[in-house]
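Notes for the one structure printed next.
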Amino acid sequence: MIAIKDLSVKYRSNDNEILALDRFSIHISKGDIYTFIGPSGCGKSTLLHVLSGILKDYGGVVTIEDREIDPRTQRIGLILQNYGLLPWKNVYQNAMLGRKIKNGNQDTDEYSKFILKQLGIDGLMDRYPRELSGGQQQRVAIARAFILKPDLLLMDEPFSALDAITREELQELFLNIWKQYSVTTVFITHSIDEALYLGRKIVVLSPSPGRILEILDNPCFNLDNLRFRDEYYAMSMKLRKIVSKG
Amino acid sequence: MIKVLPKEKWQGALYSLAIVIVFWQLAAMIVKLPIVPSPWAVFINIIAIFASKIQIHVLYSLGRIMEGIAIAILIGVPLGFLMGYFYRMDRILSPLVYFTYPVPKIALLPVVMLLFGLGEASKLIMIVLIVIFQIIISSRDAVKAIPDETFRSLKSLGASKIQIFNEIILPASLGEVLTSTRLALGTAVSILFFTETFGTEYGMGYFIMDSWMRVNYLDMYAGIIILSLMGFCIFMLIDIIENLLCSWR
Ligand SMILES: Nc1ncnc2c1ncn2[C@@H]1O[C@H](COP(=O)(O)OP(=O)(O)O)[C@@H](O)[C@H]1O
Ligand SMILES: [Mg+2]
Chain A
429 MIAIKDLSVK YRSNDNEILA LDRFSIHISK GDIYTFIGPS GCGKSTLLHV LSGILKDYGG
489 VVTIEDREID PRTQRIGLIL QNYGLLPWKN VYQNAMLGRK IKNGNQDTDE YSKFILKQLG
549 IDGLMDRYPR ELSGGQQQRV AIARAFILKP DLLLMDEPFS ALDAITREEL QELFLNIWKQ
609 YSVTTVFITH SIDEALYLGR KIVVLSPSPG RILEILDNPC FNLDNLRFRD EYYAMSMKLR
669 KIVSKG
Chain B
0 MIKVLPKEKW QGALYSLAIV IVFWQLAAMI VKLPIVPSPW AVFINIIAIF ASKIQIHVLY
60 SLGRIMEGIA IAILIGVPLG FLMGYFYRMD RILSPLVYFT YPVPKIALLP VVMLLFGLGE
120 ASKLIMIVLI VIFQIIISSR DAVKAIPDET FRSLKSLGAS KIQIFNEIIL PASLGEVLTS
180 TRLALGTAVS ILFFTETFGT EYGMGYFIMD SWMRVNYLDM YAGIIILSLM GFCIFMLIDI
240 IENLLCSWR
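Residue numbers (the numbering used here), protein chains in the order written: chain A, 429 to 674; chain B, 0 to 248.
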């Protein structure tokens, strides 16, 4: 479980202070997937930077399984909007990077082979990121996160730079793999559709400084042919209302 | 596919060589003085005297320039990395670098010679002085140019400083460091020539000046050609290393 209590983050730029998150509290239960939705600039990335241990200067208490965040002891998978691949490493080396840092070796085992195959990148192992399409690069980033076997998976608008067809394809692929491993996941998005499709719980954030407007159970999660159903339409309307009231 | 030396590069080099030889031949035919011998006479002379007279000088010059570059890299790269990674280091050292960078290093030659004598030390120090500034600045800038996001995925994995260095800083800046070394090479070769004209009896600089004194223009031209060829070979060597190590670009 992730417990966030009274999390506040300020950025200091030149003379003025920007309050990015304002006394933010939430409990995220283990093995669940939460989508966080909110307008641009409301502090979504900031929240992920705190959870991934990149940003250490914050107020309040954040714990994962009752321990303070420490990326050295916890296994945290991070997937960013621009993929975060290292351009000097080929697909194989990029996909195994998490394991290399954490376990000290980058040998493939059955599990990593299986993940690479599921993501359809097992034939691209020798390519460098610049030789891949955006969708392929994001597949590599997803592979890296899953091969790490993370305790916590953090995704910051991972599909928003992709075209609509690739995006839906990857959403489905991601969800399929996710269901097999059910790793605790915080998924940031600014798309209502994506929040509905991928989140078992949906957290709606206010415009800057980010506060929680509402936490919803998502009845649409795991429904077949979701986008053609009434539940989808109803939830979508409900979300839109909350977001626009802000 | 790693292309170590693209075909176009070789072809380009051959064409420009051919053009130089044609103009040289024309000049020799027009001037008709011993100071401008024909290229063929010089090439034949090179074949005749290389093993007996030139080889040893090439080895000395090559040794000096390689040593100089190695020292400059060993000092310059870590310094540049520190300046690129730690903002405070940069704030303290950058003004120093910028202040000394534009000083024509050849102007320091008398000072270096007074302090370190006429021997090997001065020659090495001059080469290091020429090459090191470009290496410091380019390795610093290469580190600075790495986007924050590149570090983020590694930090979220809890990578240590050494891991960040190995996985990001080194590979990200290697190419720039090699490029700047290659660019500094031209100046390094000319300053090498200059420093070899005194205090030594070995080195291409010595050989060329000595041939000139002896009014042996064929030997002198042979020396000039071998020196240029030497520079070209080091240039190509760095190019090949760059292509091998940075094939991801
Ligand atoms: N490094 C920074 N320095 C100053 N302000 C920042 C910095 N990063 C983000 N901010 C500000 O903090 C707020 C939240 O940013 P962010 O977390 O990136 O929002 P989101 O991801 O929801 O779009 C924004 O107003 C942004 O301008
Ligand atoms: Mg963001």
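Idealized CB from N, CA, C, for every residue including glycine.
Item: CB contact below 8 Å: P586/A versus chain B; Value: no
Item: 8 Å Cβ cutoff, Q54/B in contact with chain A; Value: no
Item: Residues in the region 482-504 of chain A having any Cβ partner in chain B nearer than 9 Å; Value: I482, D498, P499, R500, T501, Q502, R503, I504
Item: Per-residue contacts from I178/B into chain A (C-beta, under 7 Å); Value: The identity of residue 178/B in the sequence shown is Thr, whereas the question assumes Ile. Going along chain A, no residue has its Cβ under 7 Å from T178/B, so there is no contact; the nearest lies around 15 Å.
Item: Under 8 Å from the C-beta of S480/A: neighbouring residues of chain B; Value: R151, K154, S155
Item: Beta carbon proximity, N510/A to chain B, threshold 8 Å; Value: yes
Item: Inter-residue spacing [alpha-carbon to alpha-carbon] between L633/A and R639/A; Value: 6 Å
Item: I167/B: contacting residues in chain A (beta-carbon distance under 8 Å); Value: L514
Item: Partner residues on chain B for G526/A, Cβ-Cβ distance less than 7 Å; Value: L156
Item: Interface flag, W9/B vs chain A, CB-CB below 8 Å; Value: no
Item: Burial state of T416/A, where buried means 16 or more other Cβ atoms lie within 10 Å; Value: Lying outside 429 to 674, the shown extent of chain A, residue 416/A is not represented and no answer is given.
Item: Exposure label - V21/B; buried when at least 16 CB within 10 Å; Value: exposed
Item: Collapsed DSSP secondary structure at D485/A in the structure displayed; Value: coil
Item: Runs of alpha helix (DSSP H) wholly within the region 576-609 of chain A (minimum 4 residues, chain order); Value: 592-609
Item: Local Cβ density within 10 Å of T501/A, reported as buried at 16 or more and exposed below that; Value: exposed
Item: Alpha-carbon to alpha-carbon, D579/A and L447/A; Value: 29 Å
Item: Contact test: I163/B Cβ vs ligand 1 heavy atom, cutoff 7 Å; Value: no
Item: Boundaries of the alpha helix (DSSP H) in which H477/A is found, first to last residue; Value: 472-479
Item: Classification of N165/B by the beta-carbon crowding that lies within 10 angstroms, buried from 16 upward; Value: exposed
Item: Proximal residues to P647/A (C-beta, below 8 Å), its chain only, five neighbours per side dropped; Value: E659, M663
Item: Backbone CA spacing between M0/B and E119/B [nearest angstrom]; Value: With a pLDDT of 42 at M0/B, under the threshold of 50, the modelled position of this residue cannot be trusted; read the value that follows with caution. Distance between the alpha carbons of M0/B and E119/B is about 43 Å.
Item: Distance CB(I504/A)-CB(A569/A) smaller than 8 Å; Value: no
Item: Host beta strand (DSSP E) of I225/B (start-end); Value: Here I225/B belongs to no beta strand (DSSP E); instead the alpha helix (DSSP H) covers 216-244.
Item: Under the three-state DSSP convention, the category I1/B falls into; Value: Only weak support exists for where I1/B lies, its pLDDT of 48 falling under 50; the coordinates are left without a value.
Item: CB contact below 8 Å: Y556/A versus chain B; Value: yes
Item: beta-carbon A448/A near ligand 1 non-hydrogen atom, thresh 7 Å; Value: yes
Item: Inter-stretch contact (C-beta, 8 Å, three-pair minimum) for the region 129-147 of chain B and the region 55-74 of chain B; Value: yes
Item: CB contact check: L626/A to chain B, cutoff 8 Å; Value: no
Item: Neighbour flag for I570/A against chain B, beta carbons, 8 Å; Value: no
Item: Range covered by the beta strand (DSSP E) that runs through Y462/A; Value: 461-465
Item: Nearest-angstrom beta carbon gap, F192/B and L226/B [assumed within contact, 8 Å]; Value: 7 Å
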